[in-house]
Amino acid sequence: MQIRTVAEMTAAGTAPDVLFWVGCSGSFDQRAQKITKAFATILTKVGINFAVLGKEEACTGDPARRAGNEFMFQMMAYQNIQILNGYGIKKIVTACPHCFNILKNEYPELGGNYEVIHHTTFLQQLLDEGKITLKEGGAFKGKRITYHDSCYLGRANDIYEAPRKVLEALDAELVEMKRCRSKGLCCGAGGAQMFKEEEKGTIRINQERVQEALETESHIVAAACPFCNTMLTDGVKQKEKEDSVKVLDVAELVAASMA
Numbered sequence: 010m011q012i013r014t015v016a017e018m019t020a021a022g023t024a025p026d027v028l029f030w031v032g033c034s035g036s037f038d039q040r041a042q043k044i045t046k047a048f049a050t051i052l053t054k055v056g057i058n059f060a061v062l063g064k065e066e067a068c069t070g071d072p073a074r075r076a077g078n079e080f081m082f083q084m085m086a087y088q089n090i091q092i093l094n095g096y097g098i099k100k101i102v103t104a105c106p107h108c109f110n111i112l113k114n115e116y117p118e119l120g121g122n123y124e125v126i127h128h129t130t131f132l133q134q135l136l137d138e139g140k141i142t143l144k145e146g147g148a149f150k151g152k153r154i155t156y157h158d159s160c161y162l163g164r165a166n167d168i169y170e171a172p173r174k175v176l177e178a179l180d181a182e183l184v185e186m187k188r189c190r191s192k193g194l195c196c197g198a199g200g201a202q203m204f205k206e207e208e209k210g211t212i213r214i215n216q217e218r219v220q221e222a223l224e225t226e227s228h229i230v231a232a233a234c235p236f237c238n239t240m241l242t243d244g245v246k247q248k249e250k251e252d253s254v255k256v257l258d259v260a261e262l263v264a265a266s267m268a
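In my numbering, the protein residues as written are 10 to 268.
See the structure below:
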């Protein structure tokens, strides 16, 4: 798949309608790269005029700010804002709730004002507009799916319905965990926890969350965050359930179901 960069489009005298912000996980983590490819495949199939920054994209600085390094965050943020504003970017879509939250809510105070959309919301819009056509019957018809709410998507930005509406369109059975929506349990990687050793306790958070998912007897645990995906996948492996339970991003589920 050949995805254009904003620099290439600018050189050709054109501009993207949407910038796909890939994020660190989506760029460098092998598992998250599959999510990136799935979402890019969807955008390409439905004819969205999009581009990526490519090598010009740097980390948003979210982990640095969460870990308390405000100086590093501002350095990274100003660099990104300079590039985005230089290209005249207006609309950004990203598959990472951490990138989404900081670009949407924390970049404006530094001069970065954009329309920022999480990929689950964007997918819901495409479905509502009839741009995404799903296979007859659906690839996941008859399957049980439980959805894990990302903290940065749910509690931080009140986005609960969009991912669920996308999953319901797959004609699968959506089953809720006992802790969901505003009462959902963190996967254990938020607030820069992804990059540090965890504090000792009686059970790892991701194992506790996966246990709640397994109790729904679902075939698929759906996530909408690369960090959550990693933590849930590790939890499923630790429970030795990887043969019967799959952890998939919402975009992967849609891409596999498109006609």
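Ideal Cβ positions, reconstructed from N, Cα and C, are used throughout, including at glycine.
Nearest CA to the CA of V175: which residue from G35, R188, Y156, V102?
-> If you number the sequence shown from 1, residue 175 lands on position 166. Measuring from the Cα of V175, the nearest candidate turns out to be Y156.
Pick from L119, A47, L112, G56 that is closest to F80, judged by C-alpha positions = Your numbering for residue 80 matches position 71 in the sequence shown. When only C-alpha atoms are compared, the closest one is L119.
Near G200, what residues of its chain come up, given a Cβ to Cβ distance below 6 Å and the 5 sequence neighbours on each side ignored?
-> For the purposes of this step, residue 200 is identified with residue 191 of the sequence shown, where counting begins at 1. Taken in chain order, the residues that qualify are R75.
Would you mind reading off the limits of the alpha helix (DSSP H) that contains A86?
-> Position 77 of the sequence shown, counting from 1, holds the residue named residue 86. Looking at the DSSP string, the run of the alpha helix (DSSP H) that includes A86 is 79-96.
Since Y156 sits in a beta bridge, which residues does DSSP pair it with?
-> On the sequence shown, residue 156 is found 147 positions in, with the first residue counted as 1. Answer is A231, bridged to Y156.
How far does the alpha helix (DSSP H) with I44 in it reach, from first residue to last?
-> Looking up residue 44 in the sequence shown gives position 35. 39-54 is the extent of the alpha helix (DSSP H) around I44.
Given L262 as reference, the closest of E170, K46, G77 once Cα atoms are compared | Along the sequence shown, one-based indexing puts residue 262 at 253. When each option's Cα is compared against that of L262, the closest is K46.
Beta-bridge partners of V125, as assigned by DSSP = Numbered from 1 along the sequence shown, position 116 holds the residue referred to as residue 125. Partner(s): I101.
Option nearest I126 by Cα separation, candidates I101, I57, F149 = Taking the first residue of the sequence shown as 1, we reach residue 126 at position 117. Residue I101 is the option with its Cα nearest to I126.
Consult DSSP for K150 and reduce its assignment to one of helix, strand or coil.
-> As a first step, residue 150 must be located in the sequence shown, where it is residue number 141. The DSSP-derived three-state label of K150 is coil.
Can you give the beta carbon distance from R317 to S191, rounded, assuming they're within the 8 Å contact cut?
-> Because the chain in this structure spans residues 10 to 268, residue 317 falls outside the shown range and cannot be described.
Coarse secondary structure for A201, derived from DSSP in three states = Along the sequence shown, one-based indexing puts residue 201 at 192. In this structure, A201 counts as coil in the three-state DSSP scheme.
Would you report the Cα separation of P106 and K150, rounded to the nearest angstrom?
-> Looking up residue 106 in the sequence shown gives position 97. Looking up residue 150 in the sequence shown gives position 141. Approximately 27 Å between the Cα atoms of the pair.
Comparing alpha-carbon positions, which option in N110, F131, N215 lies nearest G70?
-> Translated into positions along the sequence shown, residue 70 becomes position 61. Comparing Cα-Cα distances from G70 to each of N110, F131, N215, the minimum goes to N110.
Spatial neighbours of Q247 in its chain, beta-carbon cut-off 7 Å, leaving aside the 5 residues before and after = On the sequence shown, residue 247 is found 238 positions in, with the first residue counted as 1. Annotation for Q247: Q216 place their beta carbon closer than 7 Å to its own, counting only its chain and skipping 5 residues before and after.
Any idea if E41 is buried or exposed, counting beta-carbon neighbours within 10 angstroms, 16 or more meaning buried?
-> Within the sequence shown, numbered from 1, the residue matching residue 41 stands at position 32. For the record, residue 41 in the displayed sequence is Ala; it is not Glu. The residue in question, A41, is buried, as its Cβ has 16 or more Cβ neighbours within 10 Å.
Using DSSP with H/G/I as helix, E/B as strand and the rest coil, what is D71?
-> Start at 1 with the first residue of the sequence shown, and residue 71 comes out as number 62. Of the three classes helix, strand and coil, the one that applies to D71 here is helix, per DSSP.
Name the one or two DSSP bridge partners that E182 has.
-> Here residue 182 refers to the residue found at position 173 of the sequence shown. Its beta-bridge partners are R153.
Hey, quick one: how far does the beta strand (DSSP E) through L7 stretch, first residue to last?
-> The requested residue 7 is not part of the displayed model; the chain covers only 10 to 268.
Which value, in whole angstroms, describes the spacing of the CA atoms of I168 and A21?
-> Translated into positions along the sequence shown, residue 168 becomes position 159. Translated into positions along the sequence shown, residue 21 becomes position 12. When rounded, the distance between both Cα atoms is 37 Å.
Assign V27 to one of three DSSP states: helix, strand, or coil.
-> Locating residue 27 in the sequence shown gives position 18, counting from the first residue. V27 falls in the strand class under three-state DSSP.
Taking the C-alpha atoms as reference points, what is the distance between T225 and R188?
-> Locating residue 225 in the sequence shown gives position 216, counting from the first residue. Locating residue 188 in the sequence shown gives position 179, counting from the first residue. Looking at the two C-alpha atoms, the distance is approximately 11 Å.
Quick one: what's M267 bridged to in DSSP?
-> Mapped onto the sequence shown, residue 267 falls at position 258. Answer is L143.
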